[in-house]
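A.B. asks: Got a structure for you, questions after.
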Amino acid sequence: MTTFLVYILMLPFGHATLPFVINTWPFKDATSAAWSVLQAGGSILDAVEQGCSRCEVDQCDGSVGFGGSPDENGETTLDAMIMNGDTMEVGAVADLRRIKNAIGVARAVMQHTEHTFLVGESASVFAENMGFTAEDLTTNKSLSIFTQWLKDNCQPNYRKNVLPDPSKNCGPYKPRAMLKQRKSERQIDIHAHDTIGMIAIGQDGHVAAGTSTNGANHKIPGRVGDSSVAGAGAYADSTAGGAAATGDGDVMMRFLPSFLAVELMRTGADPSSACKTAISRIKRYYPEFFGAVICANTTGHYGAACNKLPGFSKFSFMVSDSPSNVPLLKSVDCF
Ligand SMILES: *[C@@H]1O[C@H](CO)[C@@H](O)[C@H](O)[C@H]1NC(C)=O
Ligand SMILES: *[C@@H]1O[C@H](CO)[C@@H](O)[C@H](O)[C@H]1NC(C)=O
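Each residue of the sequence shown is one higher than the one before, counting from 12 in my numbering.
What follows is the structure, encoded as structure tokens:
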């Protein structure tokens, strides 16, 4: 009997009572923040914004918000997006400098412009004009990560086919003739990519989704990953469902896994298998990619899937709805 109950609790899929919220990783306080908004009768967009903002303040795992993932110049820049599954409006920012509340700026792009996506220095100027405070995103922690990286001859980094040999040297780099492609020996650091991705489903089955991240440690300045790209980092469509992805964004964004999962749910796939197919599609080309996807449909059924790697055999996520009223930790076995 006990075993049976444990098994039920560990199921990687489930059914929540609407409204509910689901997010990547055990970022419990983000779930609580979003859930409080829903409980108070707030909108699903506000829930997603407040939930992801919580992680930006808390610097969830160092991979969301200020003071994490310094780039090759030691600067932290942020990527975020938010999507309204009723209207299909999206607000997104990437390579955002000096502003801590990236998902807030993404929301402002959605609410106060006809655009979808603003990037870089110009996005920061937009944010300041919209009333966001400009602050230094560097902390002692990000500074020490950066300093150590310089001491280690800029290892690891994301360069290839350049001189001097990027596996031993810092830049500046120059292109070099392409050699026969060697298998990437990049170390998998599963904590280098812990984006928060969140889906909120309203009482009436309406869907919103969003993400926030500071990207990847030692990224090349200007690099934008999957998180801020609609269909890659997250997707919401109130006629089908929502999905959000986390992991190696450079690879994952080539497959639009969130869009794919939502389309599969539209054609009747249950959320678990929609997530699994989105992962399988990437696996076919990159068997060793690190990543996970969460999926939820408009009746509150949800699931998740992840690509099994040495050191990554389970993926944790959070769910909150009214019967639970507290964030519940769920996990799925990777395959
Ligand atoms: C950062 O480091 C400096 C110098 O080591 C120290 O004076 C300062 O208190 C530290 N700041 C924080 C927030 O820890
Ligand atoms: C959501 O998924 C569950 C589980 O597969 C399914 O029973 C339900 O009909 C789906 N809801 C919708 C609206 O498709």
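Note that CB positions come from ideal geometry on N, CA and C, so glycine has one too.
Closer than 6 Å by C-beta to phenylalanine 15: which residues in its own chain qualify, once you throw out the five before and the five after it? Chain order, please.
C.D. replies: If you number the sequence shown from 1, residue 15 lands on position 4. At phenylalanine 15 the pLDDT is 43, less than 50, meaning the model places this residue with poor confidence; the figure from the coordinates comes in the next sentence. None.
A.B. asks: With respect to the beta strand (DSSP E) encompassing asparagine 34, which residues constitute its N-terminal and C-terminal limits?
C.D. replies: By 1-based counting over the sequence shown, the position of residue 34 is 23. Taken as a continuous stretch (DSSP letters only), the beta strand (DSSP E) holding asparagine 34 covers 31-35.
A.B. asks: Taking 9 Å as the threshold (C-beta atoms), are serine 284 and leucine 275 in contact?
C.D. replies: Your numbering for residue 275 matches position 264 in the sequence shown. Your numbering for residue 284 matches position 273 in the sequence shown. Closer than 9 Å, so yes.
A.B. asks: For the beta strand (DSSP E) that asparagine 318 lies in, which residues bound it at each end?
C.D. replies: Looking up residue 318 in the sequence shown gives position 307. Segment: none, asparagine 318 is in no beta strand (DSSP E) and carries neither H nor E.
A.B. asks: What residue range is occupied by the uninterrupted beta strand (DSSP E) comprising alanine 119?
C.D. replies: By one-based count along the sequence shown, residue 119 stands at place 108. Alanine 119 -> not in any beta strand (DSSP E); alpha helix (DSSP H) instead, spanning 113-123.
A.B. asks: So the alpha helix (DSSP H) lysine 171 belongs to, where does it begin and stop?
C.D. replies: To locate residue 171, count along the sequence shown from 1; it is residue 160. Premise fails: lysine 171 is in no alpha helix (DSSP H) and is neither H nor E.
A.B. asks: State the CB to CB distance for the pair asparagine 168 and glycine 79, rounded to an integer number of angstroms; the pair is presumed to be in contact (CB under 8 Å).
C.D. replies: In the sequence shown, the residue the question calls residue 168 occupies position 157. In the sequence shown, the residue the question calls residue 79 occupies position 68. The pair is not a contact, with the Cβ atoms about 17 Å apart (cut-off 8 Å).
A.B. asks: Can you tell me whether phenylalanine 346 is buried or exposed? The criterion is at least 16 other CB atoms within 10 Å of its CB, across all chains shown.
C.D. replies: Locating residue 346 in the sequence shown gives position 335, where the first residue counts as 1. So phenylalanine 346 ends up on the exposed side.
A.B. asks: Which parts of the region 126-151 are runs of the alpha helix (DSSP H), unbroken and 4 residues or longer, counting only runs that do not cross its ends?
C.D. replies: Whole alpha helix (DSSP H) segments, 4+ residues: 131-140.
A.B. asks: In its own chain, which residues sit with a C-beta less than 6 Å from the C-beta of valine 240, not counting the 5 before and 5 after it?
C.D. replies: For the purposes of this step, residue 240 is taken as the residue at position 229 of the sequence shown. Excluding residues within five positions, the ones whose Cβ falls inside 6 Å are Met264.
A.B. asks: Please list the terminal residues of the continuous beta strand (DSSP E) segment that includes methionine 276.
C.D. replies: For the purposes of this step, residue 276 is taken as residue 265 along the sequence shown, with counting starting at 1. From DSSP, methionine 276 is part of no beta strand (DSSP E) but of the alpha helix (DSSP H) over 268-277.
A.B. asks: Is the separation between the beta-carbon of glycine 62 and that of methionine 209 shorter than 9 Å?
C.D. replies: On the sequence shown, position 51 is the one that residue 62 refers to. On the sequence shown, position 198 is the one that residue 209 refers to. Cβ atoms of glycine 62 and methionine 209: closer than 9 Å.
A.B. asks: From the DSSP secondary-structure annotation, give me the bridge partner or partners of valine 101.
C.D. replies: Reading the sequence shown from its first residue, position 90 is the one you call residue 101. DSSP lists Met94 as partners of valine 101.
A.B. asks: Please return the same chain residues whose Cβ sits closer than 7 Å to the Cβ of asparagine 112, not counting the five positions on each side in sequence.
C.D. replies: Here residue 112 refers to the residue found at position 101 of the sequence shown. The answer, listed in chain order, is Ser64, Glu67 and Phe143.
A.B. asks: Just to confirm, is the Cβ distance from valine 120 to alanine 103 under 9 Å?
C.D. replies: Position 109 of the sequence shown, counted from the start, is the residue given in the question as residue 120. Position 92 of the sequence shown, counted from the start, is the residue given in the question as residue 103. Their beta carbons are under 9 Å apart, which means valine 120 touches alanine 103 by this criterion.
A.B. asks: Going along the chain, which residues of its own chain have a beta-carbon closer than 8 Å to the beta-carbon of asparagine 84, five neighbours each way excluded?
C.D. replies: Taking the first residue of the sequence shown as 1, we reach residue 84 at position 73. Pro232, listed in sequence order.
A.B. asks: Would you report the Cα separation of threonine 35 and leucine 339, rounded to the nearest angstrom?
C.D. replies: For the purposes of this step, residue 35 is taken as the residue at position 24 of the sequence shown. For the purposes of this step, residue 339 is taken as the residue at position 328 of the sequence shown. Their backbone Cα atoms lie some 12 Å apart in a straight line.
A.B. asks: What is the rounded straight-line gap between the Cα of glutamine 214 and the Cα of valine 262?
C.D. replies: In the sequence shown, residue 214 corresponds to position 203, counting from 1. In the sequence shown, residue 262 corresponds to position 251, counting from 1. Roughly 35 Å between the two C-alpha positions.
A.B. asks: How far does the beta strand (DSSP E) with valine 331 in it reach, from first residue to last?
C.D. replies: The sequence position of residue 331 within the sequence shown is 320, counting from 1. The amino acid at residue 331 is misidentified as valine; the sequence shows serine. Counting along the chain, the beta strand (DSSP E) containing serine 331 begins and ends at 325-332.
A.B. asks: Quick one: what's got a C-beta closer than 7 Å to aspartate 259's C-beta in the same chain, skipping five residues either side?
C.D. replies: Here residue 259 is taken as the residue at index 248 of the sequence shown, counted from 1. Closer than 7 Å at Cβ, skipping near neighbours: His204, Phe300, Phe301 and Gly302.
A.B. asks: Less than 7 Å between C-beta atoms, sequence neighbours within five positions excluded: which residues of the same chain meet that for aspartate 97?
C.D. replies: As a working mapping, residue 97 is identified with position 86 in the sequence shown. Result list for aspartate 97: His217 and Ser249, in chain order.
A.B. asks: Return helix, strand or coil for valine 68, following the three-state DSSP convention.
C.D. replies: Translated into the one-based positions of the sequence shown, residue 68 becomes position 57. Residue state, collapsed to three classes: helix.
A.B. asks: In three-state DSSP terms, what is lysine 185?
C.D. replies: Position 174 of the sequence shown holds residue 185. The answer is strand: DSSP assigns lysine 185 an E or B state.
A.B. asks: Put cysteine 63 into one of helix, strand or coil per three-state DSSP.
C.D. replies: Within the sequence shown, the letter at position 52 stands for residue 63. Cysteine 63: helix per DSSP, three-state reduction.
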